[in-house]
Amino acid sequence: LFNIPRSGLPSHSNYFDSLFSLDFGGAGSNLESPIRLDADITADDFRSLLKITYRPSPSADQLPALTVDQWMSALKLAKRWSLGDVRDKAVSGLSLQMQHKTPLEKILLAKKYDVARWFEEGLTALASLDKPIDPTIKKQLGWEIYARLMDVRERGRTGAWRQLCAFVDTSSSGKGKGVASSCPHCDFTHSITISGAKSLEDHLPHPTPYGELVKEEFGKELHGMKGYTGSS
Numbered sequence: 125l126f127n128i129p130r131s132g133l134p135s136h137s138n139y140f141d142s143l144f145s146l147d148f149g150g151a152g153s154n155l156e157s158p159i160r161l162d163a164d165i166t167a168d169d170f171r172s173l174l175k176i177t178y179r180p181s182p183s184a185d186q187l188p189a190l191t192v193d194q195w196m197s198a199l200k201l202a203k204r205w206s207l208g209d210v211r212d213k214a215v216s217g218l219s220l221q222m223q224h225k226t227p228l229e230k231i232l233l234a235k236k237y238d239v240a241r242w243f244e245e246g247l248t249a250l251a252s253l254d255k256p257i258d259p260t261i262k263k264q265l266g267w268e269i270y271a272r273l274m275d276v277r278e279r280g281r282t283g284a285w286r287q288l289c290a291f292v293d294t295s296s297s298g299k300g301k302g303v304a305s306s307c308p309h310c311d312f313t314h315s316i317t318i319s320g321a322k323s324l325e326d327h328l329p330h331p332t333p334y335g336e337l338v339k340e341e342f343g344k345e346l347h348g349m350k351g352y353t354g355s356s
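Last residue of the sequence shown? That's 356 in this note's numbering, and every number before it is there in order.
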């Protein structure tokens, strides 16, 4: 049982405003008549939320010291109750931990908690992989997203090869690499050998814009998620 004033709960919240706008003497007005939250919301979930909203003179720029699980709990409630300020703080609080997540983990967490930044970062990381995507990732992504991601990868690689072909045939450092057979990526005839440990991207004068290709292909999903600006 939590006994806290309205000021300790998220401000500008339609959910809590509606709860506290009820007639005096109703649920939440005394210890004998508490407000009962949904059964799937645990005490730890709600406690994590209060660590963000019910703080003595919190600095506007300072985030509370929460664990990853606590931030995730707060993010869960922020999505449930449309708490934009709490959501933004949770995403910021998790930014360091998310750097250590795999691309797949970012995508799955993004879909679960409605975070555009993680969705975009995860897809971009998978699109730009030099090696084939692991078969287990295909199943967890779902075939539709996987097929569209493969299209992004194909467009990115085609663009990368075209860029490399142009570099070989027009730059002083690229000329003389050899002339052998018709190139499937452009109208020139030449041979290009990618040797050593370097990847295709390492040979390009400009990196392939996989992030832009992801935004183009998954724009509808990104625009439907919270916090999407189109420039993240």
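Each residue gets a CB set at the ideal place from its N, CA and C atoms; glycine is no exception.
Here the structure is a predicted model, which means the values were calculated and not measured.
Residue i, DSSP secondary structure in three states
i, result
"LYS225", "coil"
"PHE140", "helix"
"LYS263", "helix"
"ASP258", "coil"
"ARG279", "helix"
"ALA271", "helix"
"ALA167", "helix"
"GLN186", "coil"
"LEU218", "coil"
"LEU337", "helix"
"THR212", "The question names Thr, yet the displayed sequence has Asp at residue 212. Residue state, collapsed to three classes: helix."
"LYS299", "Note that LYS299 scores a pLDDT of 45, beneath 50, so its modelled location is shaky; the value from the coordinates is reported in the next line. Looking at LYS299 - three-state DSSP - the assignment turns out to be coil, as it is neither helix nor strand."
"ARG204", "helix"
"LEU133", "coil"
"SER172", "helix"
"ILE231", "helix"
"ASP162", "coil"
"SER197", "helix"
"THR248", "helix"
Beta bridge counterpart(s) of residue i as assigned by DSSP
i, result
"VAL239", "LYS350"
Contacting residues, own chain, Cβ-Cβ under 7 Å from residue i (five flanking each side not counted)
i, result
"ILE257", "LEU250"
"ASP169", "SER197, LYS200, LEU201"
"THR191", "none"
"ILE261", "LEU228"
"GLY83", "Because the chain in this structure spans residues 125 to 356, residue 83 falls outside the shown range and cannot be described."
"ILE176", "PRO188, ALA198, VAL210, LYS213"
Distance between residue j and residue i (C-alpha atoms, nearest Å)
i, j, result
"GLY348", "HIS136", "22 Å"
"LYS230", "PHE140", "30 Å"
"VAL338", "ASP254", "16 Å"
"LYS344", "ASN127", "42 Å"
"SER172", "GLU278", "43 Å"
"GLY298", "THR282", "Caution applies to GLY298, whose pLDDT of 46 falls short of 50 and renders its modelled position unreliable; the value that the coordinates give is listed next. Near 19 Å, if we compare the C-alpha coordinates of THR282 and GLY298."
"PRO259", "VAL210", "36 Å"
"GLN194", "ILE269", "30 Å"
"LEU81", "ASP162", "Nothing about residue 81 can be read from this structure; the chain reaches only from 125 to 356."
"LEU174", "ARG241", "25 Å"
"LEU234", "MET222", "Reading the sequence as shown, one finds Ala at residue 234 and not Leu. Their Cα atoms are separated by approximately 11 Å."
"PRO134", "LYS236", "22 Å"
"HIS224", "THR248", "15 Å"
"GLU336", "LEU273", "13 Å"
"TRP267", "THR166", "34 Å"
"LYS350", "ASP164", "23 Å"
Pair within 9 Å by beta-carbon distance, residue i and residue j
i, j, result
"VAL239", "VAL276", "no"
"LEU114", "LYS213", "Nothing about residue 114 can be read from this structure; the chain reaches only from 125 to 356."
"THR226", "GLY280", "no"
"GLU244", "PHE342", "yes"
"ASN138", "SER206", "yes"
Heavy atom of the ligand NAD within 8 Å of residue i beta-carbon
i, result
"GLY208", "As for the ligand NAD, it is missing from this structure, which has no ligand bound."
8 Å CB neighbourhood of residue i in its chain, flanking five on each side removed
i, result
"GLN264", "LEU228, LEU232"
"GLY300", "At GLY300, the pLDDT of 43 sits below 50, so the modelled position is not reliable and the matter cannot be decided from this model."
Close-in-space but distant-in-sequence residues of the same chain around residue i (CB under 6 Å, 5 per side omitted)
i, result
"SER252", "TYR334"
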